[in-house]
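K.L.:
Please see the structure below; I have some questions.
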Amino acid sequence: MRYPATRRVRRIAQGAAATALVAAGVTGPSPVGASAAAAADCATVSVISARGTWEPQDGSWLLKPMGDQILQRFPQGTYTELAYPAQTPFDDSAPVGVGNLISTLNAEAARCPDQRYVLLGYSQGAGVVGDALAAPSARIWGRDKGTVSAAASSRIAAIVLFGDIRFKAGEPYNVGTFEPGKESGNPPPRPAGALSAYASRIQDYCVKNDFVCQGTGDFIAHLEYFVNGMPSQGVAFAVSKLQGGAPRQSGSASPAMH
21 MRYPATRRVR RIAQGAAATA LVAAGVTGPS PVGASAAAAA DCATVSVISA RGTWEPQDGS
81 WLLKPMGDQI LQRFPQGTYT ELAYPAQTPF DDSAPVGVGN LISTLNAEAA RCPDQRYVLL
141 GYSQGAGVVG DALAAPSARI WGRDKGTVSA AASSRIAAIV LFGDIRFKAG EPYNVGTFEP
201 GKESGNPPPR PAGALSAYAS RIQDYCVKND FVCQGTGDFI AHLEYFVNGM PSQGVAFAVS
261 KLQGGAPRQS GSASPAMH
């Protein structure tokens with residue numbers, strides 16, 4: 021079933037298109053690693069988001085509200101938006117994000133060994149998160165950026181992705197109304213099992229007709245995450261993992277429309 025386009029979704033589409041025209045002239049804050057290293061105290065929870073293509077560096081339209089909701093439950097936590105271009109071509113933009121995320125997690129885990137992490141990603145940002153966590157041989161971006169340390173990996177509580185540009189069909193952590201067997205097309209999906217070490221900690225959301233995670237479809241479907249209730253499900257999943265875990269969703273789901 022194809023989701024109907026709502027006025028809100030069309031406004032988002034118009035805003036995304038307008039942002040694309042001016043994004044090349046927008047500059048963001050200093051890299052996340054620099055601000056984290058300057059912090060005097062460690063947080064209980066660090067939420068790090070990797071935004072979608074053409075979203076603003078400061079204030080992801082999809083992920084910032086999720087970070088705020090998570091921190092309502094963990095007020096001693098922090099929310100940071102990963103510094104990377106979030107532009108096209110992906111081969112210039114995504115490797116920067118992969119490198120910044122790996123270096124940030126490793127530095128923070130060494131400095132704050134009790135700090136836990138929630139990683140959020142949308143569209144290109146979901147691909148950045150996935151490639152950062154995968155072995156270099158399973159990446160298409162940032163193969164020379166090193167790997168997430170064992171200390172950092174063990175402190176990642178939850179990973180929530182939407183419209184994943186490297187969505188792989190058949191993974192146990194896939195959630196949504198996607199068509200079974202369909203996956204991202206260009207760039208290609210990640211190899212099967214590339215994120216198996218994190219399988220119990222991931223929710224990878226994809227909806228039918230999302231041209232990014234399904235390979236075919238349309239742009240409007242790629243924006244349904246803003247209105248279909250999946251971010252709320254992702255917040256609940258992350259909170260449950262931070263609190264010690266709970267039964268996880270998998271397979272096809274029918275999110276409530278708002």
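Each residue of the sequence shown is one higher than the one before, counting from 21 in this note's numbering. Just so you know, even glycine gets a beta-carbon here, dropped at the ideal spot from N, CA and C.
Does Asn206 pass the burial test, meaning 16 or more other C-beta atoms within 10 Å, or should it be called exposed?
P.N.:
In the sequence shown, residue 206 corresponds to position 186, counting from 1. Answer is exposed; the Cβ neighbour count stays below 16.
K.L.:
Taking contact to mean at least 3 C-beta pairs separated by less than 8 Å, is the stretch 187–201 in contact with the stretch 156–169?
P.N.:
no
K.L.:
Ignoring anything shorter than 4 residues, give me the alpha helix (DSSP H) runs that lie fully in the stretch 170–217, in order along the chain.
P.N.:
Taking only runs of at least 4 residues, the alpha helix (DSSP H) segments lying wholly in the stretch 170–217 are 170–174.
K.L.:
In three-state terms, what does DSSP make of Lys261?
P.N.:
As a first step, residue 261 is located in the sequence shown; it is residue number 241 there, counting from the start. The answer is helix: DSSP assigns Lys261 an H, G or I state.
K.L.:
Contact between the stretch 114–133 and the stretch 143–161: three or more CB pairs below 8 Å?
P.N.:
yes
K.L.:
Strictly by DSSP, which residues pair up with Leu102?
P.N.:
Reading the sequence shown from its first residue, position 82 is the one you call residue 102. Per DSSP, none; premise fails for Leu102.
K.L.:
Should the stretch 171–180 be regarded as contacting the stretch 91–107, the criterion being three or more beta carbon pairs within less than 8 Å?
P.N.:
no
K.L.:
Val149 to Arg136, Cα distance in whole Å?
P.N.:
As a position in the sequence shown, residue 149 is number 129, starting the count at 1. As a position in the sequence shown, residue 136 is number 116, starting the count at 1. Approximately 16 Å between the Cα atoms of the pair.
K.L.:
Determine, using beta-carbon pairs with one atom in the stretch 194–205 and one in the stretch 225–232, whether at least three such pairs fall under 8 Å.
P.N.:
yes
K.L.:
Report the residue from Pro133, Leu139 and Ile179 whose alpha carbon sits nearest the alpha carbon of Cys62.
P.N.:
Here residue 62 corresponds to residue number 42 of the sequence shown, with the count starting at 1. Taking only the C-alpha atoms, the option nearest Cys62 is Pro133.
K.L.:
Enumerate in chain order the residues of its own chain whose CB-to-CB distance from Thr73 is below 6 Å, with the five nearest sequence positions on each side excluded.
P.N.:
Within the sequence shown, the letter at position 53 stands for residue 73. Closer than 6 Å at the Cβ level, and outside the excluded window around Thr73, lie Ala106, Ser143 and Gln144.
K.L.:
What are the residues that DSSP puts in a beta bridge with Tyr245?
P.N.:
For this step, residue 245 is matched to residue 225 along the sequence shown. According to DSSP, which records beta bridges pairwise, Tyr245 is partnered with nothing at all.
K.L.:
Going by beta carbon distance, what residues of the same chain come within less than 7 Å of Lys261, once the five residues before and after it are set aside?
P.N.:
Residue 261 sits at position 241 when you count from the first residue of the sequence shown. Cβ neighbours of Lys261 beyond the five flanking positions: Ala177, Ala178 and Arg221.
K.L.:
What's the gap between the Cα of Gln77 and the Cα of Gly235?
P.N.:
Within the sequence shown, numbered from 1, the residue matching residue 77 stands at position 57. Within the sequence shown, numbered from 1, the residue matching residue 235 stands at position 215. Cα to Cα, the separation comes out at about 26 Å.
K.L.:
CB Ser69 to CB Leu83, shorter than 7 Å?
P.N.:
Taking the first residue of the sequence shown as position 1, residue 69 is located at position 49. Taking the first residue of the sequence shown as position 1, residue 83 is located at position 63. It is a contact, given that the beta carbons lie within the stated cut-off.
K.L.:
Using a Cβ-Cβ cut-off of 7 Å, state whether Arg210 counts as contacting chain C.
P.N.:
No chain C appears in this structure, which consists of one protein chain only.
K.L.:
Using CA coordinates, which residue listed in Ile160, Pro211, Ser204 and Gly201 is at the minimum distance from Ser113?
P.N.:
Sequence index remark: in the sequence shown, residue 113 carries index 93 (1-based). Among Ile160, Pro211, Ser204 and Gly201, the Cα nearest to that of Ser113 is on Ile160.
K.L.:
Going by C-alpha to C-alpha distance, which of Ala258, Gln263 and Gly264 sits closest to Leu139?
P.N.:
For the purposes of this step, residue 139 is taken as the residue at position 119 of the sequence shown. If we check each option's Cα against that of Leu139, Ala258 comes out closest.
K.L.:
Of all the options Gly237, Phe110 and Ser252, which has the alpha carbon lying nearest to the alpha carbon of Ala146?
P.N.:
Position 126 of the sequence shown, counted from the first residue, corresponds to residue 146. Of Gly237, Phe110 and Ser252, the residue nearest in Cα terms is Phe110.
K.L.:
I need the boundaries of the alpha helix (DSSP H) containing Leu82, first residue and last residue.
P.N.:
The residue given as residue 82 occupies position 62 in the sequence shown. Unbroken run through Leu82: none, as it is neither H nor E.
K.L.:
How many Å lie between Asp184 and Arg131 at the Cα?
P.N.:
Counting from 1 along the sequence shown, the entry for residue 184 is found at position 164. Counting from 1 along the sequence shown, the entry for residue 131 is found at position 111. Their Cα atoms are separated by approximately 30 Å.
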